[in-house]
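**Q**
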Amino acid sequence: MSKILVTGGTGYIGSHTVVELHNAGYTPVIIDNLSNSNIQILDQIEKIIGIRPEFHQFDLCNEAKVKAFVQENPAISGIIHFAASKAVGESVEKPLKYYHNNFFSLINLLNAYQGKNINFVFSSSCTVYGEPDSLPVTESAPVKKAASPYGNTKQIAEEILEETAGAYNNYNFIALRYFNPVGAHASALIGELPIGVPQNLLPFITQTAIGKREKLTVFGGDYDTPDGSCIRDYIHVVDLAKAHVAAIRLLEKGNPNGGYDVFNVGTGNGYSVLEAIAAFEKASGQKLNYVVGPRREGDIIQVWGDVTKSSEQLGWRAELGIDEMMASAWAWEKYLKENPIG
Ligand code: WQD
82 MSKILVTGGT GYIGSHTVVE LHNAGYTPVI IDNLSNSNIQ ILDQIEKIIG IRPEFHQFDL
142 CNEAKVKAFV QENPAISGII HFAASKAVGE SVEKPLKYYH NNFFSLINLL NAYQGKNINF
202 VFSSSCTVYG EPDSLPVTES APVKKAASPY GNTKQIAEEI LEETAGAYNN YNFIALRYFN
262 PVGAHASALI GELPIGVPQN LLPFITQTAI GKREKLTVFG GDYDTPDGSC IRDYIHVVDL
322 AKAHVAAIRL LEKGNPNGGY DVFNVGTGNG YSVLEAIAAF EKASGQKLNY VVGPRREGDI
382 IQVWGDVTKS SEQLGWRAEL GIDEMMASAW AWEKYLKENP IG
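Those letters in the sequence shown? Residues 82 to 423, per the working numbering, in order.
(1) On the DSSP bridge assignment, give the partners of VAL202 in chain order.
(2) Beta carbon of GLN280: closer than 8 angstroms to some heavy atom of the ligand WQD?
(3) Quick check: the Cα distance between SER392 and GLY159, rounded to an integer number of angstroms?
(4) By Cβ distance, which residues of its chain are closer than 7 angstroms to GLU127, with the 5 residues on each side in sequence left out?
(5) From ASP303, ASN250, LEU274, ILE188, pick the residue whose C-alpha is nearest to that of ILE237; which is it?
(6) What I want to know is whether the C-beta of SER310 ends up closer than 8 angstroms to one or more non-hydrogen atoms of the ligand WQD.
(7) Take ALA164 and list the residues in its own chain whose beta-carbon comes closer than 6 angstroms to its own, dropping the five residues that flank it on each side.
(8) I think GLY232 touches VAL209, with their Cβ atoms under 8 angstroms apart; what is that distance to the nearest whole Å?
(9) Return the first residue and the last residue of the alpha helix (DSSP H) that ASN233 is part of.
(10) Taking DSSP as the reference, what is the three-state secondary structure of PRO109?
(11) Under a Cβ-count criterion, where at least 16 other Cβ atoms within 10 Å of its own Cβ denotes burial, should GLN125 be classed as buried or exposed?
(12) State the DSSP-derived secondary structure class of LEU86, mapped to helix, strand or coil.
(13) ILE93 to GLU174, Cα distance in whole Å?
(14) Under 6 angstroms Cβ to Cβ from LYS84, same chain only, skipping five residues before and after it: list those, please.
(15) If you draw a straight line from the C-alpha of GLU372 to the C-alpha of PHE344, how long is it?
(16) Counting only the same chain and skipping the five closest in sequence on each side, list residues whose C-beta sits under 8 angstroms from that of HIS181.
(17) Can the beta-carbon of VAL202 be found closer than 9 angstroms to that of LEU257?
(18) Classify PRO275 as helix, strand or coil using the three-state DSSP reduction.
(19) Looking only at its chain, what residues have a beta carbon closer than 7 angstroms to the beta carbon of GLY309, apart from the 5 residues adjacent to it on each side?
(20) Alpha carbon to alpha carbon, what distance is there between PHE361 and THR298?
(21) Hey, out of ALA228, LEU102, TYR315, whose CA is closest to GLU212's CA?
(22) Would the beta-carbon of GLY347 fall within 9 angstroms of that of ALA399?
(23) Using DSSP bridges, identify the partner residues of SER353.
(24) Could you tell me whether the Cβ atoms of GLU414 and GLN288 are closer together than 9 angstroms?
(25) Considering only the alpha carbon of each residue, which of ALA324, TYR179, GLY351, LEU369 lies closest to ILE291?
(26) What's the gap between the Cα of THR219 and the Cα of LEU321?
(27) DSSP on ASP305, reduced to helix/strand/coil?
(28) Determine the DSSP secondary structure at GLN383, reduced to helix, strand or coil.
(29) For the segment 113-174, which segments carrying the beta strand (DSSP E) assignment without a break, of at least 3 residues, lie completely within its bounds, in sequence order?
(30) Taking the straight line between their C-alpha atoms, what separation do you get for ILE422 and GLN121?
(31) Out of ALA364, GLU243, PHE300, GLU378, state which residue places its alpha-carbon closest to the alpha-carbon of ASN338.
(32) Any heavy atom of the ligand WQD closer than 8 angstroms to the beta-carbon of SER221?
(33) Does the distance from the CB of VAL319 to the CB of HIS266 come in under 9 angstroms?
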């Protein structure tokens, strides 16, 4: 079975992708430095797929270790690269940490594969679009000036891949631009595991509902949207994981768009914060304690994806709706209450 390297494979999206790779007949191999995830996730993955994935713990910023790993693992035919720092707010406070971690890890990987044929799926983000001029946003929309160092690392990384593909013929890249990943595996054995106070909406909602947080603050109710709150394209993390398997398959077939291509990975539907809260209350049966407060600096007002290209060329579409996103997120939060991880 083809061996696929999953960097950041004990993280939120990485762990779900490890499960879907196994389900699709691949052998996932994980590298993770556990800086933003927990080793117990390996046990959880094993409970789901019945085997413990091969795991290597080291930092991809260590060039010698990356080179040694690549030399010792010639059977790896593809890479899905999740490992990166990804907190928007933290990136504003610590830009050098973000530029160092996100670029050194990527460039060490690319350098280690010079001259070797490799299929490479990159974890990018809709954040590269900024506030789109028109909606839904397509892959050909202009990339706007990044609103954070985190977003800038995604934009520059995409340029690195495109220029690397143009200069060398051994790399085959796909960048997946995620919208807002939410939810958890149906087993409720893996899910989002924020460290400290959650920055993202869904874990803050579920932690409020379970009683870990006193209340949720909706960041802004006076935007130019139907109900005044921001709109996002929330996508179930399992659908997102399956998009990575589809990307590996496309690269194995020889991606028709040459050495570098990019796809939106969303549902094509936008939900406001207040609609997301209502959907959570309906799916969980829990009344949520929230207030509408001031806007959060740097928030995009509304963004949702045009997913035509992904459907027609990647051969993938999201299948799970907002109810399953909310129900699975709530089931995971309840699991964590009885089975704390970390
Ligand atoms: C969603 C909406 C908030 C928390 C970021 C990154 C993106 C990706 C996902 C990594 C916004 C509102 C949130 C809260 C709120 N990250 N909100 N109260 O900012 O759309 O995207 O995370 O890949 O790249 O940019 O996600 O979940 O933080 O916010 O009202 O306590 O929920 O204002 O409108 P965001 P988010």
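Ideal Cβ positions, reconstructed from N, Cα and C, are used throughout, including at glycine.
**A** In short, the structure shows the following:
(1) ILE161, ILE255
(2) yes
(3) If you take the alpha carbons of SER392 and GLY159, they lie about 22 angstroms apart.
(4) ARG133
(5) ILE188
(6) yes
(7) Excluding positions up to five away in sequence, the list reads THR88, GLY89, LEU141, SER186.
(8) 7 angstroms
(9) 230-248
(10) strand
(11) buried
(12) In the structure shown, the three-state DSSP call for LEU86 is strand.
(13) Note that residue 93 corresponds to Tyr in the displayed sequence, not to Ile. About 23 angstroms.
(14) THR108, VAL110, ALA156, ILE157
(15) A small correction: the amino acid at residue 372 is Val; Glu does not occupy that position in the sequence shown. One alpha carbon belongs to VAL372, the other to PHE344, and they sit about 36 angstroms apart.
(16) CYS142
(17) yes
(18) coil
(19) GLY302, ASP303
(20) 15 angstroms
(21) Closest in alpha carbon position to GLU212, among ALA228, LEU102, TYR315, is ALA228.
(22) yes
(23) ILE312
(24) yes
(25) LEU369
(26) 17 angstroms
(27) coil
(28) DSSP, read as helix, strand or coil, puts GLN383 in strand.
(29) 135-137, 157-162
(30) 7 angstroms
(31) GLU243
(32) Checking every heavy atom of the ligand WQD against the Cβ of SER221, none is found closer than 8 angstroms.
(33) VAL319 is a Cβ neighbour of HIS266, given a cutoff of 9 angstroms.
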